[in-house]
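The working numbering puts the first residue of the sequence shown at 27, with every later residue one more than the last. For every residue, glycine included, the Cβ atom is placed at its ideal position computed from N, Cα and C. Report on the following structure.
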Amino acid sequence: MPYSNSPVFTPAQRVQNYRYAIRNIVTHARKLEEQGRTVTYLNIGDPILYGFQPPEELIEANIQALQLGHNGYSPSSGITDAVLAIAEDARKRGIPTSAEDTIITFGASEAADLVCTSMLNPGDEVLCPAPGYPLYNAIIAKLNAREVSYTLDPRHGWLPDPDDIERKITSKTKILVVINPNNPTGEVYSKETLQQFIDIARRHRLLIITDEVYHKLVYDATHIPLASLAGDDVAVITIDSLSKNYMAPGWRTGWMMITNSRLVPDVRQAFIKLADARLCAPMTPQFSIRAAMQLDSTYHDTIVRRLRSQRDTTISMLNSIDGISCNQPEGAFYVMAQIQLADTPFTTDEEFVLKLLEEQQILFVHGSGFGTSAEDGFIRIVYLPGTDVLEDVYTRLATFVKSL
Ligand SMILES: Cc1ncc(COP(=O)(O)O)c(C=O)c1O
Numbered sequence: 027m028p029y030s031n032s033p034v035f036t037p038a039q040r041v042q043n044y045r046y047a048i049r050n051i052v053t054h055a056r057k058l059e060e061q062g063r064t065v066t067y068l069n070i071g072d073p074i075l076y077g078f079q080p081p082e083e084l085i086e087a088n089i090q091a092l093q094l095g096h097n098g099y100s101p102s103s104g105i106t107d108a109v110l111a112i113a114e115d116a117r118k119r120g121i122p123t124s125a126e127d128t129i130i131t132f133g134a135s136e137a138a139d140l141v142c143t144s145m146l147n148p149g150d151e152v153l154c155p156a157p158g159y160p161l162y163n164a165i166i167a168k169l170n171a172r173e174v175s176y177t178l179d180p181r182h183g184w185l186p187d188p189d190d191i192e193r194k195i196t197s198k199t200k201i202l203v204v205i206n207p208n209n210p211t212g213e214v215y216s217k218e219t220l221q222q223f224i225d226i227a228r229r230h231r232l233l234i235i236t237d238e239v240y241h242k243l244v245y246d247a248t249h250i251p252l253a254s255l256a257g258d259d260v261a262v263i264t265i266d267s268l269s270k271n272y273m274a275p276g277w278r279t280g281w282m283m284i285t286n287s288r289l290v291p292d293v294r295q296a297f298i299k300l301a302d303a304r305l306c307a308p309m310t311p312q313f314s315i316r317a318a319m320q321l322d323s324t325y326h327d328t329i330v331r332r333l334r335s336q337r338d339t340t341i342s343m344l345n346s347i348d349g350i351s352c353n354q355p356e357g358a359f360y361v362m363a364q365i366q367l368a369d370t371p372f373t374t375d376e377e378f379v380l381k382l383l384e385e386q387q388i389l390f391v392h393g394s395g396f397g398t399s400a401e402d403g404f405i406r407i408v409y410l411p412g413t414d415v416l417e418d419v420y421t422r423l424a425t426f427v428k429s430l
């Protein structure tokens, strides 16, 4: 049939369920900016927007790699020195893995995509936390697989309920996703909770993806790598990156590490096949990975100090607003605050977020974009800006809530 002026192609069906609230919501803010208004963005976890930068040592290693001419393709699973450095560091932190079981990817995002694409047939099920980071839902929707949410309960410190997880397992369940520290709740899991995840995976022969992209950004809790508790009979894939732990999201450099790869030999081969087909992750930033793994604690001490003060301002100011409450996050740089929607004219979290944007030009993300119920009234706030900006934002938020 000849081309005409009517649309020739429609998007594939798989895209219809593909949503990513953190960026989708920005369309509304851009419209306000077109009208000449200034928007304060607290929707996206990009530390660079708020004055953070990667450690100098990593920047220098990156520049040096460019100058030394490392501008070609790397091996598809990453340069040898980088995978060796990652595996050495992992073993020091108690994660049983090896350089052969480490694959460098386009950020943690591609690692999640490679694992899910390698493992899931249409109709297969993946247990994901709700609330949780929407990347997983998007990948699963793209693969025509099925996301099954397990609930993190705000009344119990955003902890999972093992019985709830277990009830949701069927013969089609293949993967259990754990995000630790969690985005959006900031919760860091105890040894006991991690052990519960592992026991469930062991009983039901599931693969665990543990997303630990914030493990260096932890306040008073101690981060325990899930794979360090897995024993020798549960397959675990740990996902990590330079994006948040080293504040270099634009370098698009992450990795996955397999623990107990002998339990998933064919899947490991499938990761490599897929990795071969996309050639490699960006080459030059891989030369900064050894520097990252060898960094002393000064950089993270400074960053965590700043984030802790921003978190403290956030918690105390939010909890002092009538009609808003939140838990204290122990890691990452997000908080889920709950609005008493019943005391407002709104019936959904998104309505609240959009009206706040219109009235006060402040952009948060509605909790339902992360899997909470729209009528529960959660909003996710990124507390990366300095305390002066945050104080101004929360003062305006209080004015808005009072005016309702
Ligand atoms: C839990 C979680 N995993 C993965 C990512 C994506 O990381 P990357 O930039 O390394 O792809 C993010 C980004 O916000 C995240 O919050």
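{"Asked": "Span of the beta strand (DSSP E) around Y420", "Found": "No beta strand (DSSP E) contains Y420, which is instead part of the alpha helix (DSSP H) from 413-429."}
{"Asked": "Cα-Cα separation, Q387 to T64", "Found": "7 Å"}
{"Asked": "Closer than 8 Å: A318 CB and nearest ligand 1 heavy atom", "Found": "no"}
{"Asked": "Check: R278 C-beta below 8 Å from any heavy atom of ligand 3", "Found": "Ligand 3 is absent from the structure shown, which contains only ligand 1."}
{"Asked": "Residues near D369 by beta carbon distance below 8 Å, same chain, minus five either side", "Found": "G349, L430"}
{"Asked": "Separation of I85 from W277, as counted between CA atoms", "Found": "10 Å"}
{"Asked": "Lining residues of ligand 1 - beta-carbon closer than 6 Å to any non-hydrogen atom, in sequence order", "Found": "G71, G133, A134, S135, Y159, L161, I205, N209, D237, V239, S267, S269, P275, G280"}
{"Asked": "N-terminal and C-terminal residue of the alpha helix (DSSP H) that R458 is part of", "Found": "An answer regarding residue 458 cannot be provided, because it is not within the stretch 27 to 430 covered by the chain."}
{"Asked": "Identity of the residue in I347, S323, V419, L410 nearest A442 by Cα", "Found": "Examination of residue 442 is not possible in this model, given that the chain is present from 27 through 430 alone."}
{"Asked": "S351, enclosing beta strand (DSSP E) - first and last residue", "Found": "350-352"}
{"Asked": "Beta-carbon proximity list for L305, same chain, < 7 Å, skipping 5 on both sides", "Found": "Y99, S102"}
{"Asked": "As assigned by DSSP and simplified to three states, the class of R406", "Found": "strand"}
{"Asked": "Buried versus exposed, by CB contacts within 10 Å (16 or more), D302", "Found": "exposed"}
{"Asked": "Presumed contact (8 Å Cβ cut-off) between N206 and L243, rounded CB distance", "Found": "Wrong, their Cβ atoms sit about 12 Å apart, outside the cutoff."}
{"Asked": "Contact the segment 146-157 vs the segment 118-131: 3+ CB pairs below 8 Å", "Found": "no"}
{"Asked": "Separation of F372 from F378, as counted between CA atoms", "Found": "6 Å"}
{"Asked": "CB-CB length for D189 against A171, believed under 8 Å", "Found": "Between A171 and D189 the Cβ distance is about 24 Å, and since that is not below 8 Å, they are no contact."}
{"Asked": "Local conformation of H326 per DSSP, three classes", "Found": "helix"}
{"Asked": "Beta carbon of I263 nearer than 9 Å to that of T279", "Found": "no"}
{"Asked": "In DSSP terms, what D179 is bridged to", "Found": "L185"}
{"Asked": "Exposure label - T398; buried when at least 16 CB within 10 Å", "Found": "buried"}
{"Asked": "Burial state of F313, where buried means 16 or more other Cβ atoms lie within 10 Å", "Found": "buried"}
{"Asked": "Which residues DSSP lists as bridging P155, in chain order", "Found": "Y176"}
{"Asked": "Three-state secondary structure (DSSP) of L202", "Found": "strand"}
{"Asked": "C-alpha distance - Q336 paired with I250, whole-angstrom precision", "Found": "24 Å"}
{"Asked": "Per DSSP, cross-strand counterpart(s) of D266", "Found": "W281"}
{"Asked": "Limits of the alpha helix (DSSP H) - the one that A108 falls within", "Found": "106-118"}
{"Asked": "Beta-carbon separation (whole angstroms), A363 vs L344, contact threshold 8 Å", "Found": "5 Å"}
{"Asked": "Residue burial classification, N353 (beta-carbon count within 10 angstroms, cutoff 16)", "Found": "buried"}
{"Asked": "Straight-line Cα distance separating L161 from V152", "Found": "13 Å"}
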